[in-house]
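Inspection log for the structure reproduced underneath, given as structure tokens.
Numbering (full-length UniProt numbering), first residue to last: 1 to 190.
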């Protein structure tokens with residue numbers, strides 16, 4: 001049985017919180033080292049995502065992908081049918097990952113530079129890199145795993161706060177046809 005990434009993230013966070021209490025951040029050399037580690041981690045993640053993007057473009061997988069996207073949580077909208085290609089789906093997923101990473105860096109900059117928090121730098125040097133390496137796009141395009149089973153597109157939405165998700169992505173033929181009939185004429189996503 002595999003250990004879930006959420007559990008390992010929690011363990012890493014708890015361990016690193018204890019370790020970061022013992023780091024003398026008031027020493028300028030140590031602080032510079034931790035900042036360097038954080039910056040290097042984010043450069044590595046960016047390089048990983050850029051390489052993944054190059055692999056997506058190189059493969060040019062134009063196989064059609066049809067699925068039903070659940071409405072946003074709390075919305076009264078109908079589930080939306082999506083018709084796209086594997087390449088476009090992967091590019092969209094990569095854009096989402098890049099936006100999330102930029103948001104994390106922005107929040108960390110505010111916490112560190114404005115509020116003077118230093119302990120999160122240690123944790124944020126490890127968790128985002130670990131998360132990036134465990135991502136579906138990386139598993140397929142960098143590590144060469146087959147897109148079968150849990151890696152078959154479209155992927156399940158990641159669980160949010162307290163295990164809640166926005167709904168399940170459906171890819172069976174009946175769900176797709178039903179959504180195409182009921183949703184604004186089933187327009188193709190561009």
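All C-beta atoms in this analysis are idealised placements derived from N, C-alpha and C, irrespective of residue type, glycine included.
Within 8 Å of any Cβ in chain C, is that where the Cβ of residue 66 sits? Of the chains in the structure shown, none is chain C; there is only one protein chain.
Cβ contact check for the stretch 87-97 and the stretch 106-119: 3 or more pairs under 8 Å: With a cut-off of 8 Å, the stretch 106-119 and the stretch 87-97 do not count as touching, because too few Cβ pairs lie within range.
DSSP has residue 85 in a bridge; who is on the other side? As a first step, residue 85 must be located in the chain shown, where it is residue number 85. 64, per the DSSP bridge assignment.
Which ranges would you report for the alpha helix (DSSP H) in the stretch 70-148 if only whole runs of at least 4 residues count? 86-109, 119-133 and 136-141
Once DSSP output is grouped into helix, strand and coil, what is the label at residue 173? As a first step, residue 173 must be located in the chain shown, where it is residue number 173. Of the three classes helix, strand and coil, the one that applies to residue 173 here is helix, per DSSP.
Compute the Euclidean distance between the alpha carbons of residue 151 and residue 61, then round it to the nearest angstrom. As a position in the chain shown, residue 151 is number 151, starting the count at 1. As a position in the chain shown, residue 61 is number 61, starting the count at 1. Answer to the nearest angstrom: the Cα atoms are 15 Å apart.
DSSP three-state call for residue 4: helix, strand or coil? Indexing the chain shown from 1 puts residue 4 at position 4. Of the three classes helix, strand and coil, the one that applies to residue 4 here is coil, per DSSP.
State yes or no: is the C-beta of residue 104 within less than 8 Å of the C-beta of residue 76? Here the question's residue 104 lines up with position 104 in the chain shown. Here the question's residue 76 lines up with position 76 in the chain shown. In this structure, residue 76 does not lie closer than 8 Å to residue 104 by Cβ.
Decide if residue 2 is buried, meaning its Cβ has at least 16 other Cβ atoms within 10 Å, or exposed. If you number the chain shown from 1, residue 2 lands on position 2. So residue 2 ends up on the exposed side.
Based on Cα-Cα distance, which residue from 148, 71, 82 and 58 lies nearest to residue 64? Within the chain shown, the letter at position 64 stands for residue 64. The shortest Cα separation from residue 64 among 148, 71, 82 and 58 belongs to 82.
Pair within 8 Å by beta-carbon distance, residue 169 and residue 48: As a position in the chain shown, residue 169 is number 169, starting the count at 1. As a position in the chain shown, residue 48 is number 48, starting the count at 1. Contact flag unset, no.
Given residue 4 as reference, the closest of 153, 147 and 131 once Cα atoms are compared: Within the chain shown, residue 4 is the residue found at index 4, counting from 1. Distances from the alpha-carbon of residue 4 to those of 153, 147 and 131 put 131 closest.
Measure the Cβ-Cβ separation of residue 78 and residue 72 and say whether it is below 8 Å. Numbered from 1 along the chain shown, position 78 holds the residue referred to as residue 78. Numbered from 1 along the chain shown, position 72 holds the residue referred to as residue 72. Not a contact, by the Cβ cut-off of 8 Å.
Drop a sphere of 10 angstroms on the beta-carbon of residue 134, count the other beta-carbons inside from all chains shown, and report buried for 16 or more, exposed for fewer. To locate residue 134, count along the chain shown from 1; it is residue 134. The residue is exposed, with fewer than 16 neighbouring Cβ atoms inside 10 Å.
In the structure shown, what three-state DSSP assignment does residue 59 receive? By one-based count along the chain shown, residue 59 stands at place 59. Of the three classes helix, strand and coil, the one that applies to residue 59 here is helix, per DSSP.
Residue 45, DSSP secondary structure in three states: Residue 45 sits at position 45 when you count from the first residue of the chain shown. Helix, per DSSP.
Given that a residue counts as buried once 16 or more other Cβ atoms are within 10 Å of its Cβ, and exposed if not, what is residue 52? The count along the chain shown starts at 1 and reaches residue 52 at position 52. With 16 or more other Cβ atoms within 10 Å, it is buried.
So, helix, strand or coil for residue 9, using DSSP? What you label residue 9 is simply residue 9 of the chain shown in a count that begins at 1. The answer is helix: DSSP assigns residue 9 an H, G or I state.
Leaving out five residues before and five after residue 9 in sequence, what residues of the same chain have Cβ atoms less than 8 Å from its Cβ? Counting from 1 along the chain shown, the entry for residue 9 is found at position 9. Counting only Cβ-Cβ distances below 8 Å, and skipping sequence neighbours, we find 127, 130 and 131.
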